[in-house]
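Chemist:
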Amino acid sequence: MSAGLDAIVERADALYHDIDLTCVKQWREAHGGARAVGYMPIYVPREIIDAAGMLPVGIMGGRGQIEIIRGDAWFQSYICQIPRSTIELALTGRLDCLDGFLFPSICDVIRNLSGMWRVLFPQKYTRYLDVPQNFDPAVGGRFFAHELGGLRDDLGKLAGRAISDDDLRASIARYNENRRAIEELIALRAEAPHRAPAWEAYLILYAGNLLPVEEHTAMVRDYVAAAKAATDRAPRDQARVVMLGSFCEQPPLMLVKTLERAGCYVVWDDTALGRRWPQGDVATDGDPIVALSDAFISRSPATAAKYQPEGDRGEPLVQIVKRSRAEGVVFGAPSFCDPALLDQPMLQDALDKVGIPWTAFKYAENLGQFQVIREQAGTFADSIRLWGEA
Ligand code: SF4
112 MSAGLDAIVE RADALYHDID LTCVKQWREA HGGARAVGYM PIYVPREIID
162 AAGMLPVGIM GGRGQIEIIR GDAWFQSYIC QIPRSTIELA LTGRLDCLDG
212 FLFPSICDVI RNLSGMWRVL FPQKYTRYLD VPQNFDPAVG GRFFAHELGG
262 LRDDLGKLAG RAISDDDLRA SIARYNENRR AIEELIALRA EAPHRAPAWE
312 AYLILYAGNL LPVEEHTAMV RDYVAAAKAA TDRAPRDQAR VVMLGSFCEQ
362 PPLMLVKTLE RAGCYVVWDD TALGRRWPQG DVATDGDPIV ALSDAFISRS
412 PATAAKYQPE GDRGEPLVQI VKRSRAEGVV FGAPSFCDPA LLDQPMLQDA
462 LDKVGIPWTA FKYAENLGQF QVIREQAGTF ADSIRLWGEA
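Just so you know, we're using the numbering used here here: the sequence shown kicks off at 112 and counts up by one.
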């Protein structure tokens, strides 16, 4: 790895392991004690937090880096891991540097977590952000714009200054740039996955949870440029796969490495999916709240994490496979994740119909043993390489 590439990945790795949010505390100090607002996966309009001069901080659970002691007391056994580790982070004081917390509606677990937050931290700003279940702009769009308008008012009060339309437009432009940079990284992975391994891309995308948006955009662009120039990274005979189901509780870093070591190039995945929403630019003219709402309504792709009342649920996945020139799909979802696991049979049927091979396993963010997954992924990759063209 070149020195430049090395340094970028090392920095991203340090942010991934910054379980105490030291970088957020440093940002606050450097910005005169400015506020920071946390949010859960998968999508919140970070533009509104940023426009208020506050730092949006994505909290993606404990990433297997903390022991869950008190978090288990708040939840029943048969649910995913991310709410337990998030409670554990909060009860151990690691989230004290956050002045507020947003819980976007994605599932009952997150909704319940938002209620617990209000009980545990009544002094902090907490909002459950309802997203529309109706995607008619005149119905769901109107509803979401109203919801975002309320959020804008609340965050303006938290920041101590009203958020102007121009503040919002400037922030939308910054996030448009960030989404473009991320698409460049995703395109590089599809084009030359040996140049930008999935585990590195995973770290680079994760850094966007903690860095101010312009800094993250610069990091992504620096990484893409350095990875493209890394001529010492030769292509290998690996199977190209899409990994699906990891949009909320994140897979352990070692799991992503394991897939590649087992012979899979992960050329597309849905980790950090909310960071790529909405697709394409959000308008920077007109009413910025309406622009954010419209973009979410019309350009956040259909996934298990977004209610879709009708249409073929499998077709978007088939298109992703074709666009990324993948040869198979790995369903890797968190244990007990209802949104991901309820969708899987429909998606698997869609793949079967067009002859795209798939395999499936479940994980938890604190999984420590990867041998079984390595064997499963290795066998899957071998079967694609040996019989994929048959
Ligand atoms: S991992 Fe799945 S079930 Fe758990 S909070 Fe996230 S979306 Fe909900």
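Glycine included, each C-beta is placed from N, C-alpha and C at the ideal position.
Quick one: Cα of Gln430 to Cα of Leu458, how far?
Modeler: Mapped onto the sequence shown, residue 430 falls at position 319. Mapped onto the sequence shown, residue 458 falls at position 347. Near 12 Å, if we compare the C-alpha coordinates of Leu458 and Gln430.
Chemist: Mind checking whether Leu116 and Ala337 have CB atoms under 8 Å apart?
Modeler: Your numbering for residue 116 matches position 5 in the sequence shown. Your numbering for residue 337 matches position 226 in the sequence shown. Yes, the pair counts as a contact, with Cβ atoms nearer than the cut-off.
Chemist: When you compare the region 474-487 with the region 411-430, are there three or more beta-carbon pairs, one atom per stretch, that lie closer than 8 Å?
Modeler: These segments do not touch.
Chemist: Within 8 Å of any Cβ in chain D, is that where the Cβ of Ile130 sits?
Modeler: Checking the listed chains, one finds no chain D in this structure; it contains a single protein chain.
Chemist: In terms of alpha-carbon separation, which member of Gly422, Gly251 and Asp278 lies closest to Ala406?
Modeler: Taking the first residue of the sequence shown as 1, we reach residue 406 at position 295. Checking every option, the nearest Cα to that of Ala406 belongs to Gly251.
Chemist: Might you give, ordered along the chain, the residues of its own chain that have their beta carbon closer than 7 Å to the beta carbon of Ser404, omitting 5 neighbours on each side?
Modeler: Working through the sequence shown from its first residue, we reach residue 404 at position 293. Result list for Ser404: Gly252, Phe255, Ala256 and Leu259, in chain order.
Chemist: On the three-state DSSP scale, how would you describe Glu486?
Modeler: Taking the sequence shown and counting its residues from 1, the one referred to as residue 486 is at position 375. The answer is helix: DSSP assigns Glu486 an H, G or I state.
Chemist: What distance in whole Å lies between the Cβ atoms of Arg485 and Thr382, which are believed to be in contact at a cut-off of 8 Å?
Modeler: Taking the first residue of the sequence shown as position 1, residue 382 is located at position 271. Taking the first residue of the sequence shown as position 1, residue 485 is located at position 374. About 19 Å separates the two Cβ atoms, so there is no contact after all.
Chemist: DSSP puts Gly479 in a beta bridge; with which residues?
Modeler: In the sequence shown, the residue the question calls residue 479 occupies position 368. Paired residue(s): none; Gly479 is not in a bridge.
Chemist: Any chance the region 189-200 sits against the region 383-398, with 3 or more Cβ pairs inside 8 Å?
Modeler: They do not touch, by the three-pair rule.
Chemist: Under 8 Å by Cβ, that's how I've got Glu371 and Val378 pegged, so tell me the actual separation to the nearest angstrom.
Modeler: Here the question's residue 371 lines up with position 260 in the sequence shown. Here the question's residue 378 lines up with position 267 in the sequence shown. Rounded, the Cβ-Cβ distance is 11 Å, inconsistent with contact.
Chemist: By alpha-carbon positions, which one of Ala309, Phe442 and Cys359 ends up nearest to Thr470?
Modeler: Taking the first residue of the sequence shown as position 1, residue 470 is located at position 359. The candidate whose alpha carbon is nearest that of Thr470 is Phe442.
Chemist: DSSP puts Tyr313 in a beta bridge; with which residues?
Modeler: The residue given as residue 313 occupies position 202 in the sequence shown. Beta-bridge pairing links Tyr313 to no other residue.
Chemist: Nearer than 7 Å: is that true of the beta carbon of Ala475 relative to any heavy atom of ligand 1?
Modeler: For this step, residue 475 is matched to residue 364 along the sequence shown. Outside the cutoff, so no.
Chemist: Does the beta carbon of Asp449 fall short of 7 Å from some heavy atom of ligand 1?
Modeler: Here residue 449 corresponds to residue number 338 of the sequence shown, with the count starting at 1. Result yes, Cβ under 7 Å from ligand 1.
Chemist: Determine, using beta carbons only, whether Gly439 and Ile400 come nearer to each other than 8 Å.
Modeler: Taking the first residue of the sequence shown as position 1, residue 439 is located at position 328. Taking the first residue of the sequence shown as position 1, residue 400 is located at position 289. No, these two residues do not count as a Cβ contact at 8 Å.
Chemist: Consult DSSP for Cys208 and reduce its assignment to one of helix, strand or coil.
Modeler: Taking the sequence shown and counting its residues from 1, one reaches residue 208 at position 97. Cys208: coil per DSSP, three-state reduction.
Chemist: Specify the secondary structure class of Met354 as computed by DSSP and reduced to three states.
Modeler: If you number the sequence shown from 1, residue 354 lands on position 243. Strand, per DSSP.
Chemist: At 4 residues or longer, what runs of the alpha helix (DSSP H) sit wholly inside the region 235-287?
Modeler: Entirely contained in the region 235-287, the alpha helix (DSSP H) runs reaching 4 residues are, in chain order, 253-270.
Chemist: Kindly confirm or deny that the region 215-227 and the region 235-246 touch, where touching means at least three C-beta pairs closer than 8 Å.
Modeler: Contact holds: three or more Cβ-Cβ distances are below 8 Å.
Chemist: Asp423: buried (16+ other C-beta within 10 angstroms of its C-beta) or exposed?
Modeler: Here residue 423 refers to the residue found at position 312 when the sequence shown is read from its first residue. Flag for Asp423 reads exposed.
Chemist: Taking only three categories from DSSP, how would you classify Ala501?
Modeler: One-based indexing of the sequence shown puts residue 501 at position 390. Caution applies to Ala501, whose pLDDT of 43 falls short of 50 and renders its modelled position unreliable; the model cannot decide the point.
Chemist: So is Thr328 buried or exposed if we call it buried at 16+ other beta carbons inside 10 Å?
Modeler: On the sequence shown, residue 328 is found 217 positions in, with the first residue counted as 1. Buried, by the Cβ-count rule.
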